[in-house]
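Its first residue numbered 446, the sequence shown is counted upward by one per residue in my numbering. Yeah, the Cβ is synthetic: ideal placement off N, Cα and C, and Gly gets one too. These numbers were taken from a predicted model, which means no experiment stands behind them.
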Amino acid sequence: MLVLCHASDVPDGDARGFLPGPDAPRRIIVYRRGETYRAYLDSCPHYRAGTPMSWRADAYMNCDRTHLVCFAHGALFDLETGVCVAGPCKGRRLTAIALMLRDNGDLCVSVSEARQP
């Protein structure tokens, strides 16, 4: 398992992107609601090869903070499921990443998931 971040690095009701290692091909987006954390690969499913979703560091939420948004396409994604609810890839979903929360507050991902293209 790789330490992605500490739970306190993600403000409640917000999302942050983290590189799981220096050779990782993509960031992993971590969203927090209370003590629940969800993680997705930072790759919009609109294009086959995917495209990063934020236009600047950690800009993953829409203005109302109700959805993750791809700023390249305007696609909106459900925070809990990763399903696109509006935009050019409606019905498709972000790639979910399994997180493990350790007793010390570290959020960890498996090595194989961290290296997804």
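Under a three-way DSSP split, which group does residue i fall into?
i	result
residue 455	coil
Would you kindly work out how many angstroms separate the C-alpha atoms of residue i and residue j, rounded to a whole number?
i	j	result
residue 542	residue 472	11 Å
residue 509	residue 476	15 Å
residue 482	residue 552	9 Å
residue 544	residue 554	5 Å
residue 503	residue 536	24 Å
residue 497	residue 514	11 Å
residue 460	residue 474	6 Å
residue 550	residue 558	20 Å
residue 466	residue 487	14 Å
Name the two residues that bound the continuous beta strand (DSSP E) containing residue i.
i	result
residue 528	Counting along the chain, residue 528 falls outside any beta strand (DSSP E), and DSSP gives it neither H nor E.
residue 484	481-486
residue 552	551-554
residue 539	Taken as a continuous stretch (DSSP letters only), residue 539 belongs to no beta strand (DSSP E), as it is neither H nor E.
residue 476	473-478
residue 463	460-463
residue 512	512-514
Starting from the Cα of residue i, find the closest Cα among the options and give me that residue.
i	options	result
residue 531	507, 486, 463, 468	507
residue 447	463, 538, 487, 493	463
residue 539	494, 455, 550	494
residue 458	449, 487, 511	511
residue 452	505, 480, 468	480
residue 561	505, 485, 450, 534	485
residue 505	546, 490, 522	522
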